[in-house]
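Here's the structure, in structure tokens; my notes come after.
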């Protein structure tokens, strides 16, 4: 393996983890991980991108995501998804969730590094 890649791995790994939240279902007194996504931010909006079968029309309201430290948030916003039902066999399995504007204040920008369109 390339020695330069080995040296870069810790920083690459940390960058991936800072952008990739685990999506959870409440299971008091804790929570159960069910998948992951990617946090994205534009000038005024924040998004969660994930697989359509995870962020689907029936289940998304019962999911929670980390917002910083030990805090988690119920999803509150608008969902756009290619996934309609469990019998679906389409090749595209994609969801985009837009957090409501009032949710922005709940994210700890020190912990979660939202990907922005200007980052390549």
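Residue numbers (this note's numbering): 4 to 123. Just so you know, even glycine gets a beta-carbon here, dropped at the ideal spot from N, CA and C.
Shown here for residue 80: same chain residues with a beta carbon closer than 8 angstroms to its own, the five before and five after excluded, namely 100, 101, 102, 103 and 106 in chain order. Within the same chain, 55, 95 and 97 come within 6 angstroms of residue 85 by CB-CB distance, once the 5 residues on both sides are set aside.
Within the segment 23-95, the beta strand (DSSP E) runs of at least 3 residues that lie entirely inside it are, in chain order, 25-30, 33-39, 41-44, 49-53, 67-71, 74-77 and 80-84.
When the five nearest sequence neighbours on each side are left out, the beta carbons in the same chain lying within less than 7 angstroms of the beta carbon of residue 35 are those of 27 and 28, in order along the chain. The beta strand (DSSP E) runs lying completely inside the segment 98-122 and spanning 3 residues or more are 98-102, given in chain order.
Taking all protein chains in view, the Cβ of residue 67 is crowded by 16 or more other Cβ atoms within 10 Å, so the residue is classified as buried.
Counting the other Cβ atoms within 10 Å of the Cβ of residue 10 gives fewer than 16, which makes it exposed.
For the pair residue 57 and residue 37, the CB atoms are nearer than the 8 angstroms cut-off.
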